[in-house]
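Chemist:
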Amino acid sequence: MDESSGIIKEIKEKVKDLRAKGFNLYPSGFRRDITVEEVVRRFGKMDNDELKEIPNNFTMAGRVMSIRDFGKAVFIHIKDGTGKLQAYIRRNRVGDDNFEIFKFIDIGDHVGLKGQFFRTKTNELTLLASSVVLLTKAQCPLPEKYHGLVDVEIRYRQRYLDLIVNDNVRHTFILRSRIIQTIREFFDKEGFIEVETPMMQSIPGGATARPFKTYHQSLGIDLYLRVAPELYLKRLVVGGLEKIYELNRNFRNEGISTNHNPEFTMLEFYVAYATYEDLMDLTEELLLYLLKKLFGQLTIKYQGNLIDFKTPWPRISLTDSLKDIGGIGENVLFDNKALRDFAKSKGIELEDNEESGRVLAKLFDHIVEPKLIQPTFIIDHPIQVSPLSRRKDDNSEIAERFELYIGGKEIANAFSELNDPDDQRDRFLKQARLRDAGDEEALFMDEDYIKALEYGLPPTAGEGVGIDRLVMVLTDSPSIRDVILFPQMRKK
RNA sequence: GGGCCGUUAGCUCAGUCAGGUAGAGCAGCGGACUUUUAAUCCGUUGGUCGCGCGUUCGAUUCGCGCACGGCCCA
Numbered sequence: 156m157d158e159s160s161g162i163i164k165e166i167k168e169k170v171k172d173l174r175a176k177g178f179n180l181y182p183s184g185f186r187r188d189i190t191v192e193e194v195v196r197r198f199g200k201m202d203n204d205e206l207k208e209i210p211n212n213f214t215m216a217g218r219v220m221s222i223r224d225f226g227k228a229v230f231i232h233i234k235d236g237t238g239k240l241q242a243y244i245r246r247n248r249v250g251d252d253n254f255e256i257f258k259f260i261d262i263g264d265h266v267g268l269k270g271q272f273f274r275t276k277t278n279e280l281t282l283l284a285s286s287v288v289l290l291t292k293a294q295c296p297l298p299e300k301y302h303g304l305v306d307v308e309i310r311y312r313q314r315y316l317d318l319i320v321n322d323n324v325r326h327t328f329i330l331r332s333r334i335i336q337t338i339r340e341f342f343d344k345e346g347f348i349e350v351e352t353p354m355m356q357s358i359p360g361g362a363t364a365r366p367f368k369t370y371h372q373s374l375g376i377d378l379y380l381r382v383a384p385e386l387y388l389k390r391l392v393v394g395g396l397e398k399i400y401e402l403n404r405n406f407r408n409e410g411i412s413t414n415h416n417p418e419f420t421m422l423e424f425y426v427a428y429a430t431y432e433d434l435m436d437l438t439e440e441l442l443l444y445l446l447k448k449l450f451g452q453l454t455i456k457y458q459g460n461l462i463d464f465k466t467p468w469p470r471i472s473l474t475d476s477l478k479d480i481g482g483i484g485e486n487v488l489f490d491n492k493a494l495r496d497f498a499k500s501k502g503i504e505l506e507d508n509e510e511s512g513r514v515l516a517k518l519f520d521h522i523v524e525p526k527l528i529q530p531t532f533i534i535d536h537p538i539q540v541s542p543l544s545r546r547k548d549d550n551s552e553i554a555e556r557f558e559l560y561i562g563g564k565e566i567a568n569a570f571s572e573l574n575d576p577d578d579q580r581d582r583f584l585k586q587a588r589l590r591d592a593g594d595e596e597a598l599f600m601d602e603d604y605i606k607a608l609e610y611g612l613p614p615t616a617g618e619g620v621g622i623d624r625l626v627m628v629l630t631d632s633p634s635i636r637d638v639i640l641f642p643q644m645r646k647k
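Take 156 as the starting number for the first sequence in the numbering used here and just add one per residue.
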């Protein structure tokens with residue numbers, strides 16, 4: 156910020172002046188005994204006569220959001236973490252000395268107030284102050300009161316301003332917190348335990364994605380920020396932790412968009428002696444639990460679409476979805492050359508000799524995914540794009556896998572886990588060949604993980620849920636940056 | 001990575017098409033006002049027009065490049 160700009164310079168001079176006069180602009184130790192929310196709850200329905208009957212004085216604190224000055228009396232609005240309340244400060248009530256000091260207080264300052272409640276002529280519940288104190292002097296002006304803060308760059312870089320001024324933003328992040336809290340409640344209720352596995356991994360695994368790399372000085376080794384906790388969680392299932400979940404950050408060194416942030420929050424959970432079909436049921440239960448708990452209903456609006464979570468949700472195979480939703484004929488779907496030509500005609504980039512399974516997945520992302528507005532399970536993915544999934548017993552080219560789509564976004568990805576160590580080694584070797592051929596997203600060989608499988612991973616199903624995207628859907632947010640407090644930005 | 005759009009006062013925005021160093025509202029400052037709430041009324045301060053180079057007598061305006069942001073595409 157330009158320190159020499161007019162308004163900030165004026166405030167700094169005022170601060171200097173007040174300090175010279177001996178005012179403590181940052182006093183400690185003020186305590187409140189009631190919040191705005193509590194005031195509204197306790198007194199919101201009382202009329203003036205009832206309010207007069209309350210004998211106590213109350214002490215409140217908040218940030219000054221507006222000032223309407225009448226000379227010998229002033230109305231202000233203060234905002235605390237729970238809401239906004241009007242206060243009325245009258246010279247003959249607080250006394251001349253206090254009133255003079257109060258006149259130094261500006262919009263943006265934190266104040267402490269003592270007083271009782273009454274209703275104004277326009278029936279607004281208001282604190283009639285008997286004293287006011289400055290708690291914190293603001294040295295930068297707040298954004299304008301009417302239009303608020305619109306500039307998205309400032310909103311993201313200085314999120315605190317966004318939170319002060321834009322109530323809907325505050326509500327989004329409060330709801331985010333409640334969603335995460337409710338998810339934990341659900342898994343706890345279902346008998347899961349929450350675990351924490353390494354964020355710094357010497358072999359990054361569990362997802363096809365490019366990792367961030369770092370270096371540990373005293374060990375002298377490269378480490379990677381995890382792209383997924385998956386392989387560690389499955390090691391825990393080998394260890395006999397049969398129902399586990401982890402809800403924390405992943406890091407992927409990839410592009411930034413309305414649906415991608417380099418660090419994002421992922422829920423992963425694993426259930427021993429279960430299949431991907433069991434997890435579809437459990438996923439429906441989880442979402443219904445969230446919807447009922449948070450909204451008390453099973454429909455929400457997302458970006459103009461009404462989304463109905465009533466179960467059961469359709470379970471459509473990936474190839475059927477390409478046929479029925481994507482409108483692609485069987486003659487194209489099941490003919491490698493025709494399929495490749497079709498994909499290219501849609502502007503999709505393909506590697507030389509890219510396998511049909513991978514082409515199908517790319518076509519799906521491009522054509523079908525944006526159309527899946529209502530909750531939909533897409534099942535039975537090609538094995539080539541599912542290197543950690545179990546094969547179907549009756550079709551070795553298809554994985555026991557599903558992805559959940561809502562609002563045109565991939566929300567969850569799950570499968571029956573591949574627990575055959577020899578098959579897993581073959582899949583890793585294939586991934587290693589892709590990596591050698593230049594695919595930076597391909598999986599690394601992880602012998603230590605295979606060793607864990609050799610001790611015996613029971614038949615297990617696991618799932619990952621993109622929490623940020625889920626929060627986007629549940630808070631009607633168009634961009635992932637609207638649900639991450641400090642989204643990644645370029646250095647200014 | 002490519003295309004398009006944006007960047008003007010603390011904030012929200014005009015102005016730039018047709019080059020002559022900028023306006024409004026809110027905020028700020030001074031004053032009036034003891035039930036206002038986008039308070040009102042009178043007066044008033046505030047800008048290296050994102051940065052750099054070029055064209056020009058003269059650039060916020062035109063051209064090129066860069067930075068940051070947004071949307072779309074890959």
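Here a beta-carbon is modelled for each residue, glycine too, at the ideal position from N, C-alpha and C.
This structure is a prediction, so every number in the text was calculated from the model and none was measured.
Would you say the segment 490–507 touches the segment 432–447, given that touching needs at least three Cβ pairs under 8 Å?
Modeler: no
Chemist: Would you call the CB atoms of residue 399 and residue 388 closer than 8 Å?
Modeler: Using a Cβ distance threshold of 8 Å, residue 399 and residue 388 count as a contacting pair.
Chemist: If you draw a straight line from the alpha carbon of residue 360 to that of residue 383, how long is it in whole angstroms?
Modeler: 6 Å
Chemist: Among residues of its own chain, excluding the 5 on either side of residue 397, which ones have a beta-carbon nearer than 6 Å to its beta-carbon?
Modeler: 427
Chemist: Less than 6 Å between C-beta atoms, sequence neighbours within five positions excluded: which residues of the same chain meet that for residue 625?
Modeler: 566
Chemist: Buried or exposed: which applies to residue 592, given that a residue is buried once 16 or more other Cβ atoms fall within 10 Å of its Cβ?
Modeler: Residue 592 comes out exposed.
Chemist: Whole angstroms is fine: what's the gap from residue 350's alpha carbon to residue 401's?
Modeler: 5 Å
Chemist: My assumption, with CB atoms under 8 Å, is that residue 311 sits in contact with residue 645. Please give the rounded CB distance.
Modeler: Rounded, the Cβ-Cβ distance is 11 Å, inconsistent with contact.
Chemist: Name the two residues that bound the continuous alpha helix (DSSP H) containing residue 497.
Modeler: 491–500
Chemist: Mapping DSSP to helix, strand and coil, what is residue 551?
Modeler: strand
Chemist: Check whether the segment 272–288 and the segment 241–251 touch, using three or more Cβ-Cβ pairs below 8 Å as the test.
Modeler: The segment 272–288 and the segment 241–251 touch, with no fewer than 3 CB-CB distances between them shorter than 8 Å.
Chemist: Are the segment 263–282 and the segment 199–215 touching by the rule of at least three beta carbon pairs closer than 8 Å?
Modeler: yes
Chemist: Closer than 7 Å by C-beta to residue 610: which residues in its own chain qualify, once you throw out the five before and the five after it? Chain order, please.
Modeler: 393
Chemist: May I have a chain-ordered list of the beta strand (DSSP E) segments no shorter than 3 residues that lie completely inside the segment 555–616?
Modeler: 556–561, 564–571
Chemist: Does the beta-carbon of residue 272 have 16 or more other beta-carbons within 10 angstroms, so that it is buried, or is it exposed?
Modeler: buried
Chemist: Do the segment 532–552 and the segment 442–453 touch if we need at least three Cβ pairs shorter than 8 Å?
Modeler: no
Chemist: Per the contact definition of three or more C-beta pairs closer than 8 Å, is the segment 164–177 in contact with the segment 288–295?
Modeler: The segment 288–295, when compared against the segment 164–177, does touch it at the 8 Å Cβ threshold.
Chemist: Quick one: grab the DSSP three-state call for residue 383.
Modeler: Coil at residue 383, not helix or strand.
Chemist: Within 10 angstroms of the Cβ of residue 265, are there 16 or more other Cβ atoms? Answer buried if so, exposed if not.
Modeler: buried
Chemist: Please name the residue in 627, 442, 225 whose C-alpha comes closest to that of residue 457.
Modeler: 627
Chemist: Distance check for residue 516 and residue 589, CA to CA, integer angstroms please.
Modeler: Roughly 17 Å between the two C-alpha positions.
Chemist: Using only alpha-carbon positions, find the residue among 466, 530, 179 that is nearest to residue 256.
Modeler: Of 466, 530, 179, the residue nearest in Cα terms is 179.
Chemist: Let's see if you can read the secondary structure: which residues bound the beta strand (DSSP E) around residue 463?
Modeler: 460–463
Chemist: Taking C-beta to C-beta, are residue 327 and residue 632 nearer than 8 Å?
Modeler: yes
Chemist: May I ask you to report which of helix, strand or coil DSSP gives residue 305?
Modeler: coil
Chemist: Flag this pair as yes or no: are the beta carbons of residue 354 and residue 380 separated by less than 8 Å?
Modeler: Cβ atoms of residue 354 and residue 380: closer than 8 Å.
Chemist: Just to confirm the assignment: which complete beta strand (DSSP E) runs, minimum length 3, are found wholly within the segment 189–273?
Modeler: 213–224, 228–235, 238–245
Chemist: One question on the structure: do residue 390 and residue 604 come within less than 8 Å of each other, judged by their Cβ atoms?
Modeler: yes
Chemist: Which partner residues of residue 403 appear in the DSSP bridge assignment?
Modeler: 421
Chemist: In the DSSP output, what is residue 641 paired with across the bridge?
Modeler: Looking at the DSSP assignment, residue 641 forms no beta bridge with any residue, so it has no partner.
Chemist: Just the Cα atoms here: how many angstroms apart are residue 331 and residue 340?
Modeler: 14 Å
Chemist: Using CA coordinates, which residue listed in 276, 241, 230 is at the minimum distance from residue 258?
Modeler: Cα-wise, what sits closest to residue 258 is 230.
Chemist: Answer yes if the segment 475–494 comes into contact with the segment 516–531, meaning at least three C-beta pairs across the two stretches below 8 Å, and no otherwise.
Modeler: yes
Chemist: Should residue 408 and residue 467 be called a contact, given that it needs their Cβ atoms to be closer than 8 Å?
Modeler: no
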